[in-house]
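K.L.:
Quick one: this structure, given as structure tokens, is what I'll be asking you about.
Number of protein chains: 2
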Amino acid sequence: MKTPTPKQLEIRTREQRILSLAVPIIREGGLTALSMDSIAREMRYARGTIYNHFPNKEDIALSLAARAVRRRLMLFEYSATLSTQPRERIAAIGIACEVYADRMPDDFQIEQMVRHDTIWPKSSTGRRDVLLKCEGQCILQVGFSIQAAIETGDLVLPRGGSVEDIVFGLWSLVYGGLVLEATSPSLASSGIMQARVAIRRNCNAMLDGLGWQPLYDASKYSRYVRRIRPKIASKADEIVIEIQSDQELITTENDESYPASGQ
Amino acid sequence: MKTPTPKQLEIRTREQRILSLAVPIIREGGLTALSMDSIAREMRYARGTIYNHFPNKEDIALSLAARAVRRRLMLFEYSATLSTQPRERIAAIGIACEVYADRMPDDFQIEQMVRHDTIWPKSSTGRRDVLLKCEGQCILQVGFSIQAAIETGDLVLPRGGSVEDIVFGLWSLVYGGLVLEATSPSLASSGIMQARVAIRRNCNAMLDGLGWQPLYDASKYSRYVRRIRPKIASKADEIVIEIQSDQELITTENDESYPASGQ
DNA sequence: TGGCTTTTTGACAAATTGTCAATTTTGACA
DNA sequence: TGTCAAAATTGACAATTTGTCAAAAAGCCA
Numbered sequence: 048m049k050t051p052t053p054k055q056l057e058i059r060t061r062e063q064r065i066l067s068l069a070v071p072i073i074r075e076g077g078l079t080a081l082s083m084d085s086i087a088r089e090m091r092y093a094r095g096t097i098y099n100h101f102p103n104k105e106d107i108a109l110s111l112a113a114r115a116v117r118r119r120l121m122l123f124e125y126s127a128t129l130s131t132q133p134r135e136r137i138a139a140i141g142i143a144c145e146v147y148a149d150r151m152p153d154d155f156q157i158e159q160m161v162r163h164d165t166i167w168p169k170s171s172t173g174r175r176d177v178l179l180k181c182e183g184q185c186i187l188q189v190g191f192s193i194q195a196a197i198e199t200g201d202l203v204l205p206r207g208g209s210v211e212d213i214v215f216g217l218w219s220l221v222y223g224g225l226v227l228e229a230t231s232p233s234l235a236s237s238g239i240m241q242a243r244v245a246i247r248r249n250c251n252a253m254l255d256g257l258g259w260q261p262l263y264d265a266s267k268y269s270r271y272v273r274r275i276r277p278k279i280a281s282k283a284d285e286i287v288i289e290i291q292s293d294q295e296l297i298t299t300e301n302d303e304s305y306p307a308s309g310q
Numbered sequence: 048m049k050t051p052t053p054k055q056l057e058i059r060t061r062e063q064r065i066l067s068l069a070v071p072i073i074r075e076g077g078l079t080a081l082s083m084d085s086i087a088r089e090m091r092y093a094r095g096t097i098y099n100h101f102p103n104k105e106d107i108a109l110s111l112a113a114r115a116v117r118r119r120l121m122l123f124e125y126s127a128t129l130s131t132q133p134r135e136r137i138a139a140i141g142i143a144c145e146v147y148a149d150r151m152p153d154d155f156q157i158e159q160m161v162r163h164d165t166i167w168p169k170s171s172t173g174r175r176d177v178l179l180k181c182e183g184q185c186i187l188q189v190g191f192s193i194q195a196a197i198e199t200g201d202l203v204l205p206r207g208g209s210v211e212d213i214v215f216g217l218w219s220l221v222y223g224g225l226v227l228e229a230t231s232p233s234l235a236s237s238g239i240m241q242a243r244v245a246i247r248r249n250c251n252a253m254l255d256g257l258g259w260q261p262l263y264d265a266s267k268y269s270r271y272v273r274r275i276r277p278k279i280a281s282k283a284d285e286i287v288i289e290i291q292s293d294q295e296l297i298t299t300e301n302d303e304s305y306p307a308s309g310q
């Protein structure tokens, strides 16, 4: 329990190295390109050592995905502080998604990846939980803003509609749109060039359609985006540096694992 | 050229058998579970024979995906005939997507699958083209209805907006929503239960937000859905039986390949 | 230095991939 | 029916990769 860790440190470092090594491989060749064997060779360790860290390569992917969602959550949380007006807060989170796809493309890719594939069932429960928990919090974050809009009277829920439905709609529109942009070769050839602009406009159309006040004002909106996007972007860069593992913050709550003065 | 085919027929049949065999395997274990080796063993053929049909398993997947998109296209085309009113036509295509996910779940799954993964780059150009062509036609089909709405004056495009942007929005909303429903474990735990209802409502909200006339009328809409959904569903069942390969219809235009009286 | 624990190692068995030269089967023609 | 070239089929081969595990090495504490 009280291991300040002389060698434990080397191990933890190595785990990071494995993850860092995996990122470009996955980026370029997907999960197929990643192999426990090649990682071991590359790092000059025996294969068994790598298996000491991760039970299989799917778990490496999930570990990266968990880190990705943690980063995304932080970006959402930050973006939600940029305005007190509900509709602006929602817009900010939307922009956060854009920034996420742009500034953390590897994270964005891997999040999509673990969703399909055979990754999910093969990975370990612990890591899955981290991922799900953060994803749930992301949803909550959007939910808060919608709730706020209802409370201020900016938005009136349609009969039989719920806050979650709207979260779901926005999520489909933004995430779905970004995924399509990233993976659908037909898009470009069908004349959809500026996916980002389209996504923004469509989200606003949907909110307008729900009667969410104040209605979309193109020039006001783009002025707002111009103001906050750089802020969110630089926050994103901070987060990438700050959040390196999928563990840190989780283990923070029982804080004996992080020695105040190491060494 | 003039091969009426005695044995050629066996080969073509075998190709179908391979595909049929692959479907449940992919359904249950994804592409990882599929192996040229096990297919060969199962079918009591040597591995080389299977490789005669498909250069690799990715190509099997893409072949299935191409078939899937062809089926989807047919469903879209049929649905578009169910009404002359543009907004109703769009609604019908939306319902077609629902039906597609419900009645052709394997097709739906595999379409998502080939989008990510390492499948795309490894598969052969020919099959990719079929897939892209059909996908493009699906997009067109939606575009036609939007165009029609503009021509009748039901819809006025926003400044700087295009038909394609709206297609993109609807596609994100429906397809994205269905994908999230199918793959996101957080959804259920976040209280989003009736994804289908939410998707419909959100699409309508978006169209309302664009000012597309006539605006959404809940009871009218659900009456319409109740009327056309069964039609689309049974059409879907027909299509599944009719469309078995990803070749047939493509080669139909040079029609010597299909002997009028076989044997 | 001894002795106990933790970590690392690499050989092993099992799957799978894609290739290709040798063999078998077809089918057209005499 | 017999012959033979073209087409199809086969299975062994070399390469990868996976996950396991007992033995060896290294780390740690007194």
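Chains A and B are the protein sequences, given in the same order. Just so you know, the first sequence maps onto residues 48 to 310 in this note's numbering. Just so you know, the second sequence maps onto residues 48 to 310 in this note's numbering. Yeah, the Cβ is synthetic: ideal placement off N, Cα and C, and Gly gets one too. It should be emphasised that the depicted structure is a prediction, and the values quoted were computed from it without experimental measurement.
Roughly how many angstroms separate the alpha carbons of residue 212 (chain B) and residue 222 (chain A), rounded to a whole number?
P.N.:
Here residue 212 (chain B) is taken as the residue at index 165 of the second sequence, counted from 1. Here residue 222 (chain A) is taken as the residue at index 175 of the first sequence, counted from 1. Rounded to the nearest angstrom, the two C-alpha atoms are 15 Å apart.
K.L.:
Which residue marks the beginning of the alpha helix (DSSP H) containing residue 218 (chain A), and which one marks its end?
P.N.:
Here residue 218 (chain A) refers to the residue found at position 171 of the first sequence. 210–218 is the extent of the alpha helix (DSSP H) around residue 218 (chain A).
K.L.:
If the cut is a Cβ gap below 9 Å, which residues of chain B does residue 165 (chain A) touch?
P.N.:
Taking the first residue of the first sequence as position 1, residue 165 (chain A) is located at position 118. Ordered by position in chain B, the residues that pass the 9 Å Cβ test against residue 165 (chain A) are 76, 77, 78, 79, 80.
K.L.:
Taking Cβ positions only, does residue 289 (chain B) come closer than 8 Å to chain A?
P.N.:
The residue you call residue 289 (chain B) lines up with position 242 of the second sequence. No, no contact with chain A.
K.L.:
Considering only their Cβ atoms, is the gap separating residue 106 (chain A) from residue 352 (chain A) smaller than 8 Å?
P.N.:
One cannot answer for residue 352 (chain A) here, as it falls past the ends of chain A, which runs 48 to 310.
K.L.:
Is it the case that the Cβ atoms of residue 201 (chain A) and residue 156 (chain A) are separated by a distance below 8 Å?
P.N.:
Sequence index remark: in the first sequence, residue 201 (chain A) carries index 154 (1-based). Sequence index remark: in the first sequence, residue 156 (chain A) carries index 109 (1-based). Cβ distance not < 8 Å, so residue 201 (chain A) and residue 156 (chain A) don't count as in contact.
K.L.:
In chain order, what residues of the stretch 247–260 of chain B put their CB closer than 8 Å to some CB of chain A?
P.N.:
Answer set for the stretch 247–260 of chain B: 248, 249, 251, 252, 253, 254, 255, 256, 257.
K.L.:
Reducing DSSP to helix, strand and coil, say where residue 203 (chain B) ends up.
P.N.:
Along the second sequence, one-based indexing puts residue 203 (chain B) at 156. In the structure shown, residue 203 (chain B) sits in coil (DSSP, three-state: anything other than H, G, I, E or B).
K.L.:
Span of the alpha helix (DSSP H) holding residue 93 (chain B)?
P.N.:
The count along the second sequence starts at 1 and reaches residue 93 (chain B) at position 46. It is not in any alpha helix (DSSP H) - residue 93 (chain B) carries neither H nor E in the DSSP assignment.
K.L.:
Within 10 angstroms of its Cβ, does residue 159 (chain A) collect 16 or more other Cβ (buried), or is it exposed?
P.N.:
Here residue 159 (chain A) corresponds to residue number 112 of the first sequence, with the count starting at 1. Classification for residue 159 (chain A): buried.
K.L.:
Just reading off the alpha helix (DSSP H) that residue 103 (chain B) is part of, what are its end residues?
P.N.:
Start at 1 with the first residue of the second sequence, and residue 103 (chain B) comes out as number 56. Note, residue 103 (chain B): premise wrong, no alpha helix (DSSP H); not H, not E.
K.L.:
By the DSSP assignment, the alpha helix (DSSP H) with residue 167 (chain B) in it spans what residues?
P.N.:
Within the second sequence, the letter at position 120 stands for residue 167 (chain B). Counting along the chain, the alpha helix (DSSP H) containing residue 167 (chain B) begins and ends at 166–169.
K.L.:
Given a cut-off of 8 Å, decide if residue 142 (chain B) and residue 123 (chain B) are closer than it, judged by their beta-carbon atoms.
P.N.:
Mapped onto the second sequence, residue 123 (chain B) falls at position 76. Mapped onto the second sequence, residue 142 (chain B) falls at position 95. Contact: no.
K.L.:
Tell me, please, whether the CB atom of residue 212 (chain A) is closer than 8 Å to any CB atom in chain B?
P.N.:
Residue mapping note: residue 212 (chain A) aligns to position 165 of the first sequence, counting from 1. Yes, because at least one Cβ of chain B sits closer than 8 Å to the Cβ of residue 212 (chain A).
K.L.:
For the 8 Å Cβ check, are there 3 or more pairs between the stretch 254–270 of chain A and the stretch 112–123 of chain A?
P.N.:
No: the two stretches stay apart, fewer than three of their Cβ pairs being nearer than 8 Å.
K.L.:
Output the boundary residues of the alpha helix (DSSP H) element that contains residue 277 (chain B).
P.N.:
Here the question's residue 277 (chain B) lines up with position 230 in the second sequence. 265–289 is the span of the alpha helix (DSSP H), which, as asked, contains residue 277 (chain B).
K.L.:
Between the stretch 56–65 of chain B and the stretch 99–117 of chain B, do three or more beta carbon pairs fall short of 8 Å?
P.N.:
Yes, since at least three Cβ pairs between the stretch 56–65 of chain B and the stretch 99–117 of chain B fall closer than 8 Å, the two stretches touch.
K.L.:
Tell me whether residue 293 (chain A) is buried or exposed, calling it buried when 16 or more other Cβ atoms sit within 10 Å of its Cβ.
P.N.:
Taking the first residue of the first sequence as position 1, residue 293 (chain A) is located at position 246. Result: buried.
K.L.:
So, for residue 290 (chain A): in the same chain, excluding its five sequence neighbours on each side, which residues have a beta-carbon less than 8 Å away from its beta-carbon?
P.N.:
The residue you call residue 290 (chain A) lines up with position 243 of the first sequence. Correct list, in chain order: 114, 117, 118, 121, 296.
K.L.:
Is residue 288 (chain B) buried or exposed, if buried means 16 or more other CB atoms sit within 10 Å of its CB?
P.N.:
Indexing the second sequence from 1 puts residue 288 (chain B) at position 241. Exposed.
K.L.:
Starting from the beta carbon of residue 182 (chain B), find every residue of chain A whose beta carbon is closer than 8 Å, and list them in chain order.
P.N.:
Within the second sequence, the letter at position 135 stands for residue 182 (chain B). What residue 182 (chain B) touches in chain A: 231, 233.
K.L.:
Using a C-beta to C-beta distance shorter than 7 Å, which residues of chain B count as neighbours of residue 222 (chain A)?
P.N.:
Against the first sequence, residue 222 (chain A) aligns to sequence position 175. Near residue 222 (chain A) (Cβ distances below 7 Å), the residues of chain B are 223.
K.L.:
Please state whether the Cβ-Cβ distance between residue 146 (chain B) and residue 280 (chain B) is less than 8 Å.
P.N.:
Locating residue 146 (chain B) in the second sequence gives position 99, counting from the first residue. Locating residue 280 (chain B) in the second sequence gives position 233, counting from the first residue. Yes, Cβ-Cβ distance for residue 146 (chain B) and residue 280 (chain B) is below 8 Å.
K.L.:
Any Cβ of chain B within less than 8 Å of the Cβ of residue 173 (chain A)?
P.N.:
For this step, residue 173 (chain A) is matched to residue 126 along the first sequence. Answer no: the Cβ-Cβ gap between residue 173 (chain A) and chain B never drops below 8 Å.
K.L.:
Just list the beta strand (DSSP E) runs in the stretch 123–165 of chain A, keeping only unbroken ones of 3 residues or longer that don't cross its boundaries, in chain order.
P.N.:
Complete beta strand (DSSP E) runs here, min 3: none at all.
K.L.:
According to the Cβ coordinates, are residue 227 (chain A) and residue 144 (chain A) closer than 8 Å?
P.N.:
Taking the first residue of the first sequence as position 1, residue 227 (chain A) is located at position 180. Taking the first residue of the first sequence as position 1, residue 144 (chain A) is located at position 97. It is not a contact, given that the beta carbons lie outside the stated cut-off.
K.L.:
Considering only their Cβ atoms, is the gap separating residue 64 (chain A) from residue 90 (chain A) smaller than 8 Å?
P.N.:
Sequence index remark: in the first sequence, residue 90 (chain A) carries index 43 (1-based). Sequence index remark: in the first sequence, residue 64 (chain A) carries index 17 (1-based). Closer than 8 Å, so yes.
K.L.:
Taking DSSP as the reference, what is the three-state secondary structure of residue 258 (chain B)?
P.N.:
What you label residue 258 (chain B) is simply residue 211 of the second sequence in a count that begins at 1. Coil at residue 258 (chain B), not helix or strand.
K.L.:
Once DSSP output is grouped into helix, strand and coil, what is the label at residue 306 (chain B)?
P.N.:
Translated into positions along the second sequence, residue 306 (chain B) becomes position 259. Because residue 306 (chain B) carries a pLDDT of 37, less than 50, the predicted location of this residue cannot be relied on, and the following value inherits that uncertainty. Coil.
K.L.:
Distance check for residue 150 (chain A) and residue 138 (chain A), CA to CA, integer angstroms please.
P.N.:
Position 91 of the first sequence holds residue 138 (chain A). Position 103 of the first sequence holds residue 150 (chain A). Taking the straight line joining both Cα atoms gives about 18 Å.
K.L.:
Could you give the DSSP three-state label for residue 81 (chain A): helix, strand or coil?
P.N.:
The residue labelled residue 81 (chain A) in the question sits at position 34 within the first sequence. In this structure, residue 81 (chain A) counts as coil in the three-state DSSP scheme.
K.L.:
Name, going along the chain, the residues of the stretch 120–144 of chain A whose beta-carbon falls closer than 9 Å to a beta-carbon of chain B.
P.N.:
Going along the stretch 120–144 of chain A in chain order, one finds no residue with a Cβ nearer than 9 Å to chain B.
K.L.:
What does residue 315 (chain B) reach in chain A if we use C-beta pairs closer than 7 Å?
P.N.:
No answer is possible for residue 315 (chain B): the residues shown for chain B start at 48 and end at 310.
K.L.:
Would residue 71 (chain A) count as contacting chain B if we go by Cβ distances under 8 Å?
P.N.:
Mapped onto the first sequence, residue 71 (chain A) falls at position 24. No, residue 71 (chain A) lies away from the interface with chain B (no Cβ there is under 8 Å from its Cβ).
K.L.:
Which residues in chain B sit within 7 Å of residue 269 (chain A), going by Cβ to Cβ distance?
P.N.:
As a first step, residue 269 (chain A) is located in the first sequence; it is residue number 222 there, counting from the start. None at all; the shortest Cβ gap to chain B is about 11 Å.
K.L.:
Nearest-angstrom Cα distance between residue 79 (chain B) and residue 268 (chain B)?
P.N.:
Taking the second sequence and counting its residues from 1, one reaches residue 79 (chain B) at position 32. Taking the second sequence and counting its residues from 1, one reaches residue 268 (chain B) at position 221. In a straight line, the C-alpha of residue 79 (chain B) is about 42 Å away from that of residue 268 (chain B).
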